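One structure is given here, and the rest of the page talks about it.
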Amino acid sequence: MTSCDLAIVRGTPRDRRAQHPTTAALVVEIADSSVRLGRGLEARVHARAGIADYWIVHPADGTVEVYRDPARERRRRWRYRAVSVVPAGERVIPLAAPFSAIPVADLLP
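Mapped onto the numbering used here, the consecutive letters of the sequence shown carry residue numbers 4 to 112.
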């Protein structure tokens, strides 16, 4: 897994005593000047790792890009088949916690 701003992993701290997590239920990036990297290379890397839920938070415009459904394309290239933009007035729901709707505004500074 690449570097990210936040990763939510399944299990308890006790589960990680013997082994570091190899995947995450949710990866969150905070957009800055590297937003193009997040949309391109980072998204492909996370899709290939099987990260089902990848978010890019955009503080400047008050939105969250939500990437889901990682899939392998031809020539071993990976991408997310479902991409949506959620505005500040709405909520985003993590796949790993479907009853936990998070207001986008709560993810913004």
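A virtual CB, placed ideally from N, CA and C, is assigned to each residue, including glycine.
Being a predicted model, the structure only gives us computed values, none of them experimental.
First through last residue of the alpha helix (DSSP H) which encompasses residue i
| i | result |
| --- | --- |
| Arg47 | 46-51 |
Backbone CA spacing between residue i and residue j [nearest angstrom]
| i | j | result |
| --- | --- | --- |
| Ala34 | Asp8 | 10 Å |
| Arg42 | Ala52 | 15 Å |
| Pro112 | Ala74 | 32 Å |
| Pro115 | Ala55 | Look at the range of the chain in this structure, 4 to 112, and you will see that residue 115 is not part of it. |
| Ser103 | Asp72 | 19 Å |
| Pro106 | Gly92 | 7 Å |
| Val69 | Arg78 | 25 Å |
| Ala27 | Ile11 | 6 Å |
| Glu32 | Val60 | 6 Å |
| Val86 | Tyr57 | 10 Å |
| Asp122 | Ala46 | Since the first residue of the chain shown is 4 and the last is 112, residue 122 is not available in this structure. |
Identity of the residues DSSP links to residue i by a beta bridge
| i | result |
| --- | --- |
| Ala85 | Arg71 |
| Leu9 | Val31 |
| Arg94 | Pro106 |
| Thr66 | His61, Pro90 |
Limits of the beta strand (DSSP E) - the one that residue i falls within
| i | result |
| --- | --- |
| Val31 | 29-33 |
| Ile54 | Unbroken run through Ile54: none, as it is neither H nor E. |
**OP:** Please confirm if the stretch 94-111 is in contact with the stretch 75-86, defined as three or more CB-CB distances below 8 Å between the two stretches.
**Re:** no
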